[in-house]
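So the structure is just underneath, and the comments pick up after that.
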């Protein structure tokens, strides 16, 4: 997968993850893209555990779905870490 495709998929996955999760996430476009890119890596690696074809970073519908799920997980972890830091 090319770097441009990775950035675009990261942006889309980050935007969808932010739209799905309730609450206010105060992050800009670059942070949303980075969120989606990290979520794409997490989702892709988890998805590759179930795939037997050996291709880790190919673009396919389940990869995009796992990118969104990975982005949601990363957003929840970042939100939990932020709340814990504010109350401490």
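Numbering (my numbering), first residue to last: 771 to 858. Virtual Cβ for every residue (Gly too), placed ideally from N, Cα, C.
CB contact flag (residue 809, residue 833, <8 Å): The residue you call residue 809 lines up with position 39 of the chain shown. The residue you call residue 833 lines up with position 63 of the chain shown. In this structure, residue 833 does not lie closer than 8 Å to residue 809 by Cβ.
Local conformation of residue 840 per DSSP, three classes: To locate residue 840, count along the chain shown from 1; it is residue 70. Shown here, residue 840 sits in a helix according to DSSP, grouped into three states.
Taking 7 Å as the cut-off, is the CB of residue 820 close to at least one heavy atom of the ligand FMN? Annotation note on the ligand FMN: not contained in the displayed structure, which lists no ligands.
Within this structure, are the beta carbons of residue 793 and residue 841 separated by less than 8 Å? The sequence position of residue 793 within the chain shown is 23, counting from 1. The sequence position of residue 841 within the chain shown is 71, counting from 1. For the pair residue 793 and residue 841, the CB atoms are not nearer than the 8 Å cut-off.
Distance between residue 803 and residue 777 (C-alpha atoms, nearest Å): Numbered from 1 along the chain shown, position 7 holds the residue referred to as residue 777. Numbered from 1 along the chain shown, position 33 holds the residue referred to as residue 803. Taking the straight line from one Cα to the other gives about 7 Å.
Within 8 Å, strictly: CB atoms of residue 783 and residue 838: What you label residue 783 is simply residue 13 of the chain shown in a count that begins at 1. What you label residue 838 is simply residue 68 of the chain shown in a count that begins at 1. The Cβ atoms of residue 783 and residue 838 sit closer than 8 Å to each other.
Under the three-state reduction of DSSP, which class applies to residue 810: helix, strand or coil? As a first step, residue 810 must be located in the chain shown, where it is residue number 40. The DSSP-derived three-state label of residue 810 is helix.
Helix, strand or coil at residue 818 [DSSP, three-state]: Here residue 818 refers to the residue found at position 48 when the chain shown is read from its first residue. Secondary structure of residue 818 (DSSP, three-state): helix.
Just to confirm before moving on: does the CB-CB distance between residue 845 and residue 788 stay below 8 Å? Numbered from its first residue, the chain shown carries residue 845 at position 75. Numbered from its first residue, the chain shown carries residue 788 at position 18. In this structure, residue 788 lies closer than 8 Å to residue 845 by Cβ.
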